[in-house]
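Heads up: the sequence shown begins at 18 in my numbering, then just goes up one per residue.
Just so it is clear, CB atoms sit at the ideal spot from N, CA and C, and this is done for glycine as well.
Just so we're clear, the structure is a prediction, and the values are computed from it rather than from any experiment.
To keep things clear, I will list the structure first and then write my remarks on it.
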Amino acid sequence: MKKALLLMVFLLSSVTLCSCKANWFGETIDVPWYFIVIPVFAVFAVSYVILIGRKYVCPECNAEFKPKWYQISVIFHLNGKRVVKCPRCGRKGFCERKK
């Protein structure tokens with residue numbers, strides 16, 4: 018968690034030191050840094066809140082577990098199922114989200 022937070026702070030601080038130029042119908046416009054940082058931060062915050070409260074159930078041993086949010090956000094998922102590793106039995110495969 019600390020590494021992911023530190024990486025996010027580093028990335029956001031590096032973006033704040035620059036600005037972007039956009040070409041809009043042949044006219045060059047300077048885009049301020051906060052037009053880039055605020056949407057990126059909002060996406061990270063919303064995905065963190067959504068993913069942190071989810072529990073998954075292993076179909077093999079019926080164990081309930083909560084994977085780390087950064088592991089959940091980058092793995093393959095399909096129809097509410099995600100490929101995660103069960104901490105109890107070690108099975109890696111599709112696990113359903115507990116409702």
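Verify whether the separation of the beta carbon atoms of residue 111 and residue 99 is less than 8 angstroms. Position 94 of the sequence shown, counted from the first residue, corresponds to residue 111. Position 82 of the sequence shown, counted from the first residue, corresponds to residue 99. Taking 8 angstroms as the Cβ cut-off, residue 111 and residue 99 qualify as a contacting pair.
With distances taken between CB atoms, is the gap from residue 77 to residue 108 smaller than 8 angstroms? Position 60 of the sequence shown, counted from the start, is the residue given in the question as residue 77. Position 91 of the sequence shown, counted from the start, is the residue given in the question as residue 108. The Cβ-Cβ distance between residue 77 and residue 108 falls below 8 angstroms.
Roughly how many whole angstroms lie between the Cα atoms of residue 94 and residue 73? Against the sequence shown, residue 94 aligns to sequence position 77. Against the sequence shown, residue 73 aligns to sequence position 56. Distance between the alpha carbons of residue 94 and residue 73: 12 angstroms.
Using 10 angstroms around the beta-carbon of residue 75, count the other beta-carbons present and answer buried if the total reaches 16, otherwise exposed. Working through the sequence shown from its first residue, we reach residue 75 at position 58. With 16 or more other Cβ atoms within 10 Å, it is buried.
Establish whether the CB of residue 100 and some CB of chain D are separated by less than 8 angstroms. Given the protein chain composition of this structure (a single chain), no chain D is represented.
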